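J.:
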Amino acid sequence: MAINPPVDATQTPAWAALQKHYDELQSEGISLKQWFAEDADRVEKLSFEAGDLHFDLSKNLIKPETLSLFADLAKAVKLDERTKQMYTGVHINNTEDRAVLHTALRRPAEDEGKYIVDGQDTVKDVRDTLKKIYDFAEDVRSGKWTGITGRKIETVVNIGIGGSDLGPVMVYEALKPYADAGISARYISNIDPNDLAEKTRGLDPETTLFIIVSKTFTTLETLTNAREARTWLLEELAANGAISAGDEAQKAEAIKKHFVAVSTNLEKVAEFGIDPNNAFGFWNWVGGRYSVDSAVGTSLAVVFGPARFEEFLHGFHEIDEYFANTPFEKNVVVLLGMLNVWYRNFFKAASHAVLPYDQYLHRFPAYLQQLTMESNGKSVRWDGTPVTTETGEIFWGEPGTNGQHAFYQLIHQGTQLIPADFIAFVNTPNPTKDGDQDVHELFLGNYFAQTKALAFGKTADEVRAEGTPEEIVPARVFKGNKPTTSIFGVALTPFSLGELIALYEHITFVEGTVWGLDSYDQWGVELGKQLAKQITPAISQDDEALAAQDASTKSLIAFYRKNREF
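See below:
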């Protein structure tokens, strides 16, 4: 397959112009305090709206004129062309020769027939699958679908790993206030036996439904956990007297009533004991980390209902359309992607903090870790040539205000530059007061205060004016000029959450385009998995396999053998 090489961004006039701009800023001295004082319209010039999200970029280390330089770089790397290729199904995932069409997952029904890719009407297939999922979800929610003893399902247990877990569990946690059918969800991902043991603890097998999420139905961790869950279910049902331990027909029926699958391998699904009619598929043009709005989100459709899931999809589509149709100079999605390039390649920032001031988003940073780092943690470009500059930031974070009492010290006064996204919402589903104090406003006070402190800092003279002893003054100085982006929504809803996820999907795409990366493969996860299959036999029984290992691995296995208690 012939592969068109990416544009080397570092060799473009646009990159040189950005470098010149960076050098000039460093020469004149970066001072957010001064920039705000000199330009009364700075906030207006650097604020944007996308969907129902508000963005304030004014506390970043840029000037308004920087935006046009970002736009020029986007044009130089042909971002518009690559965006069109992605949206229309060109195989931009070169190493796997696949289209990249997560945007098709949220296209409306009226787009059926408009996006034919490799002979497939992508939107029609998506909508047909969604109808099947929605019908199933309504059956479970209404009590039409029951367990083996006729009782309504009360707990859905999703078994998957990577994108088959991180997305669904994040969304479930984020939208808990919208769970309205008396159904909760649990998520099992780790092959560590402790994960399954804890997630099944206290469950009633008669009211538990397992969803096994594996496109190929061969994923080691997922299928191991699925078999263990099947054993748990049958043993618990037998212990309850719901089925007879020796009745194979009852066991088979129990599996059909308590297990469904998200997979395209119907043969393997049937071998497991799941009715293939209860398998929901998705396609090879949907990468795992981009799949939460596909059948991978079946658990979410069950817990929150089809109407809420549709709102979720509409939020994605809102940002998809904004990103594709807004000029680069005014396109906050493009500008945020370019900001990340700015910090990574010019300021040499190695990490990026995502700090949601909403406890319901406590799993959002972990979700973004896979989305961003699995996508752009690459050292070769999409044509196999070496990258020409640094790629990929380390994404991390925790909800505020917890993070303030953990790692904000490093962001405020450490020696590393750590750009940070602060995310919050005007309204809360749980308004409370402490006396006369609105607690949500107390919470948001911290959201506003942290970005202000990071931007403007505190001088030695300001510290002295507070009566601080001179010897302590240096420890209480805040240099400021720590860059942040404020993302502010009206409320955390299915729609706004879809917007947020799509926002970061496209930011990741913008960065990958600048760096010339195939952001949709993940070969870096393969070697360790291959070696694990080779090493596992050596752990307890295969001395020949042990002999083939390196000295360090042999030593670690020897420690295991000496201390394992069976």
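Start counting the sequence shown at 53; every next residue gets the next number (this note's numbering).
From the three backbone atoms N, C-alpha and C, an ideal C-beta is built for every residue, glycine too.
Here the structure is a predicted model, which means the values were calculated and not measured.
Beta strand (DSSP E) containing I263: first to last residue?
T.: On the sequence shown, residue 263 is found 211 positions in, with the first residue counted as 1. That run of the beta strand (DSSP E) goes T260 to V265.
J.: Cβ of K430 within 8 angstroms of Cβ of G452?
T.: Translated into positions along the sequence shown, residue 430 becomes position 378. Translated into positions along the sequence shown, residue 452 becomes position 400. No, the pair does not count as a contact, with Cβ atoms beyond the cut-off.
J.: Rounded to whole angstroms, how far is the Cβ of G199 from the Cβ of V169, which I believe are closer than 8 angstroms?
T.: Working through the sequence shown from its first residue, we reach residue 199 at position 147. Working through the sequence shown from its first residue, we reach residue 169 at position 117. Going by Cβ atoms, the distance from G199 to V169 rounds to 39 angstroms, so no, they are not a contact pair.
J.: State buried or exposed for Q502, treating a residue as buried only when at least 16 other CB atoms are found within 10 Å of its CB.
T.: Translated into positions along the sequence shown, residue 502 becomes position 450. Classification of Q502: buried, given that the 10 Å Cβ count is 16 or more.
J.: Taking 8 angstroms as the cut-off, does the region 182-200 touch the region 241-250 (at least 3 CB pairs, one atom from each stretch)?
T.: no
J.: Give the single residue among V515, T174, L275 and D435 whose Cα lies nearest to the Cα of D565.
T.: Indexing the sequence shown from 1 puts residue 565 at position 513. In the sequence on display, residue 565 carries Thr and not Asp. Answer by Cα proximity: D435.
J.: In the DSSP assignment, what are the bridge partners of F447?
T.: Here residue 447 corresponds to residue number 395 of the sequence shown, with the count starting at 1. Paired residues: H404.
J.: Pick out whichever of D75, F540, D173 and Y186 has its Cα sitting closest to the Cα of W337.
T.: For this step, residue 337 is matched to residue 285 along the sequence shown. When only C-alpha atoms are compared, the closest one is D173.
J.: In this structure, how does DSSP classify D177 when only helix, strand and coil are distinguished?
T.: Here residue 177 refers to the residue found at position 125 when the sequence shown is read from its first residue. Helix, per DSSP.
J.: According to DSSP, simplified to helix, strand and coil, what is P220?
T.: Sequence index remark: in the sequence shown, residue 220 carries index 168 (1-based). For P220, the secondary structure class from DSSP, reduced to helix, strand or coil, is helix.
J.: Relative to the alpha-carbon of E280, which residue among G293, E300 and I264 has its alpha-carbon at the smallest distance?
T.: As a first step, residue 280 must be located in the sequence shown, where it is residue number 228. Nearest C-alpha to E280: I264.
J.: Please classify Y239: does DSSP put it in a helix, a strand, or coil?
T.: Working through the sequence shown from its first residue, we reach residue 239 at position 187. Three-state result, Y239: strand.
J.: Within its chain, find whatever has a CB closer than 6 angstroms to the CB of L121; leave out the 5 residues flanking it on each side and keep chain order.
T.: Reading the sequence shown from its first residue, position 69 is the one you call residue 121. Around L121: A69, L70 and H73.
J.: Give the single residue among P220, A66 and Q601 whose Cα lies nearest to the Cα of K585.
T.: To locate residue 585, count along the sequence shown from 1; it is residue 533. Cα-wise, what sits closest to K585 is Q601.
J.: Am I right that A543 and F477 are in contact with their C-beta atoms under 8 angstroms? What's the rounded C-beta distance?
T.: In the sequence shown, counting from the first residue as 1, residue 543 sits at position 491. In the sequence shown, counting from the first residue as 1, residue 477 sits at position 425. Going by Cβ atoms, the distance from A543 to F477 rounds to 5 angstroms, so yes, they are a contact pair.
J.: Output needed for I446: all residues of its chain with C-beta closer than 8 angstroms, excluding positions within five of it in sequence on either side, in chain order.
T.: To locate residue 446, count along the sequence shown from 1; it is residue 394. Here the set comprises A402, S403, H404 and M425.
J.: For Q574, which residues from the same chain have a beta carbon less than 6 angstroms from its beta carbon, with the 5 sequence-adjacent residues on both sides left out?
T.: Position 522 of the sequence shown holds residue 574. Here the set comprises E426.
J.: Tell me I43's beta-bridge partners as DSSP assigns them.
T.: Here the chain comprises residues numbered 53 to 618, so residue 43 is not present and cannot be evaluated.
J.: At what residue ranges does the region 57-111 contain a whole run of the alpha helix (DSSP H), taking only runs of 4 or more?
T.: The DSSP assignment places 65-80, 84-90 and 94-97 as complete runs of the alpha helix (DSSP H) inside the region 57-111, in order along the chain (cut-off: 4 residues).
J.: Quick one: any contact between the region 232-241 and the region 333-349, if contact means 3 or more CB pairs under 8 angstroms?
T.: Contact check between the region 232-241 and the region 333-349: fewer than three CB pairs, one atom from each, fall below 8 angstroms, which does not count as touching.
J.: Can you tell me which of the three DSSP states R253 falls into?
T.: As a working mapping, residue 253 is identified with position 201 in the sequence shown. Correct three-state label for R253: coil.
J.: How big is the Cα-Cα spacing for K659 and R341?
T.: Any answer about residue 659 is impossible in this case: the structure gives the chain only from 53 up to 618.
J.: Could you tell me the distance, in whole angstroms, from the CA atom of T484 to the CA atom of E523?
T.: As a first step, residue 484 must be located in the sequence shown, where it is residue number 432. As a first step, residue 523 must be located in the sequence shown, where it is residue number 471. When rounded, the distance between both Cα atoms is 43 angstroms.
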